[in-house]
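A short worksheet on the structure shown next.
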Amino acid sequence: MPLREECLWETLTPQRPDNTALKGEVKVDVCVIGAGFTGLSAALHLLEKGKSVCVLEANRAGHGGSGRNVGLVNAGLWIPPDEIEAGFGEAVGSQLNRMLGAAPALVFNLVDKYNIDCQLRREGTLHMAHNAKGEADLRSREQQWKRRGAPVELLTGKACEQATGTQKIAAALLDRRAGTLNPMAYVTGLANAVRGLGGQMFDHSPVTRLERVGQKWSVQTAQGSVLAEQVVIASNAYTEGDWTELKRNFFPGYYYQVASVPLSEDAAQEILPGGQGSWDTRQVLSSIRRDKDGRLLLGSLGNGNQKPTWFLKAWADRVQQHYFPNLKPVEWECTWTGRIAFTPDHLMRLFEPAPGLVAVTGYNGRGVTTGTVVGKAFADYLCNGNPQALPIPFAPMQPLAGVGLRSCLYEAGFSLYHAGQCLRIVI
1 MPLREECLWE TLTPQRPDNT ALKGEVKVDV CVIGAGFTGL SAALHLLEKG
51 KSVCVLEANR AGHGGSGRNV GLVNAGLWIP PDEIEAGFGE AVGSQLNRML
101 GAAPALVFNL VDKYNIDCQL RREGTLHMAH NAKGEADLRS REQQWKRRGA
151 PVELLTGKAC EQATGTQKIA AALLDRRAGT LNPMAYVTGL ANAVRGLGGQ
201 MFDHSPVTRL ERVGQKWSVQ TAQGSVLAEQ VVIASNAYTE GDWTELKRNF
251 FPGYYYQVAS VPLSEDAAQE ILPGGQGSWD TRQVLSSIRR DKDGRLLLGS
301 LGNGNQKPTW FLKAWADRVQ QHYFPNLKPV EWECTWTGRI AFTPDHLMRL
351 FEPAPGLVAV TGYNGRGVTT GTVVGKAFAD YLCNGNPQAL PIPFAPMQPL
401 AGVGLRSCLY EAGFSLYHAG QCLRIVI
């Protein structure tokens, strides 16, 4: 069957709101730019605190990296907690580790509070070691998280095989704090909650200009404007236009996914039998999970939009056959790609370029939980002015050199690795 270029999560979330474009002038306390995890979390928590809020989205809620996410509700960042504390310093790093360690619980609480139907599972996630070096890394991560009281466990031997459903993994780190969900359905649920609390949402309204007008901010679009006391820039990797310097503080990368048709119940149950989502320890990592209908979802770093569908199928076949050789040939149904905001040190940045104006970038692929936490933190900060509400301090904007070159080099490296996988040179 032909491989469709279509985001699975969109097809599984048919009740997505499609709001009208902004026309005329709107006056609110806070204008949020971007209707993804961060922007909608910020809007929701601001509304809960009694603020009036307007959300501007260039496309539709979740259209960017949020809705195109893998859907892993992870605790922490990609890099281990000791490295986070080394990068930010012990005081700041430990606070960030605490906040992101509790991030899955925040997501779970929002899902429960607002009755969001997003196929949430709370069985945890598995970080799978693909070789001896990867296993050593996971042993180190286990000890680092256990020192911080986290409920993690390194599975080996039969326990590992039973959890992963494959004999190709010698060890896997189970994080019981985590889970999986349909990211587009989660975004949609947040958007519905924002509207339910009286927030104004406008789709198809890309920002064209942002300027100070007296004591307030004027956020302009093609057909209207928002006058607000405070502004949250939550467009992250999908920031476009010259109205902000934010896009010069990260370099864009990509992550593609390929989804199968629904497998038989018996076949699906052989893959990650406990229902966890997973990713491996390869430098060019692969993610593996199932959805509620028993589809196998594989993903990896790289821009799938720039690859022919036969290449993506060949790559997916290679990964599936390596990890789950007992499966019958799998039919691949659809593929999609999302954009990621990378930073050189893989650490995010918070900015306050002017009073009443906050922004964030550099999630480096950890959007579900990190975006939800940062959105809530921005809401707390804008309401009480206490920087202790933030996971990390604000940093000065420092545009990166060679943004385009960095992106090209990353993409070239990812493509070469995937070609090696297809040719069975590497796995």
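Using UniProt numbering, the letters of the sequence shown map in sequence onto residues 1 to 427.
Every residue, glycine too, gets a C-beta built ideally from N, C-alpha and C.
From the DSSP output, in three-state form, read off residue i for me.
i: I233; result: strand
i: C408; result: helix
i: M99; result: helix
i: C7; result: coil
i: Q320; result: helix
i: E265; result: helix
i: H346; result: coil
i: R366; result: coil
i: residue 461; result: Limits of the chain in this structure are 1 at one end and 427 at the other, which puts residue 461 out of reach.
i: T188; result: helix
i: R424; result: coil
i: T13; result: coil
i: A91; result: helix
i: E25; result: strand
i: R289; result: strand
i: A401; result: coil
i: L390; result: coil
What are the residues that DSSP puts in a beta bridge with residue i?
i: G253; result: I340
i: residue 428; result: In the structure displayed, the chain extends from 1 to 427; residue 428 sits before or after that span and is not available.
i: R209; result: Q220
i: L154; result: L173
i: H127; result: L173 and W279
i: S225; result: E25 and Q220
Use the C-beta contact count for residue i: other C-beta atoms within 10 angstroms, 16 or more gives buried, fewer gives exposed.
i: Q283; result: exposed
i: P151; result: exposed
i: L416; result: exposed
i: D203; result: buried
i: T180; result: buried
i: residue 430; result: Nothing about residue 430 can be reported from this structure: the residues present for the chain run from 1 to 427 only.
i: T281; result: buried
i: M128; result: buried
i: I33; result: buried
i: L409; result: exposed
i: L126; result: buried
i: M1; result: exposed
i: P391; result: buried
i: R424; result: exposed
Could you give the residue range of the beta strand (DSSP E) that holds residue i?
i: G277; result: G277 to D280
i: F351; result: R349 to A354
i: D175; result: A171 to D175
i: S66; result: Here S66 belongs to no beta strand (DSSP E), and DSSP marks it neither H nor E.
i: G299; result: L296 to L301
For the ligand SAM, is there a heavy atom less than 8 Å away from the beta-carbon of residue i?
i: F324; result: Only the bare structure without any ligand can be found here, which leaves the ligand SAM out of the picture.
Over what stretch of residues does the alpha helix (DSSP H) that includes residue i continue unbroken?
i: Q220; result: Element bounds for Q220: not the alpha helix (DSSP H) but the beta strand (DSSP E), K216 to T221.
i: D82; result: P81 to F88
i: H45; result: F37 to E48
i: R141; result: A132 to R147
Would you kindly work out how many angstroms separate the C-alpha atoms of residue i and residue j, rounded to a whole number?
i: A395; j: Y381; result: 15 Å
i: N303; j: M201; result: 30 Å
i: L173; j: G365; result: 19 Å
i: Y255; j: F108; result: 25 Å
i: R339; j: A401; result: 19 Å
i: S140; j: A159; result: 19 Å
i: W78; j: G375; result: 19 Å
i: C383; j: V55; result: 17 Å
i: E5; j: P387; result: 43 Å
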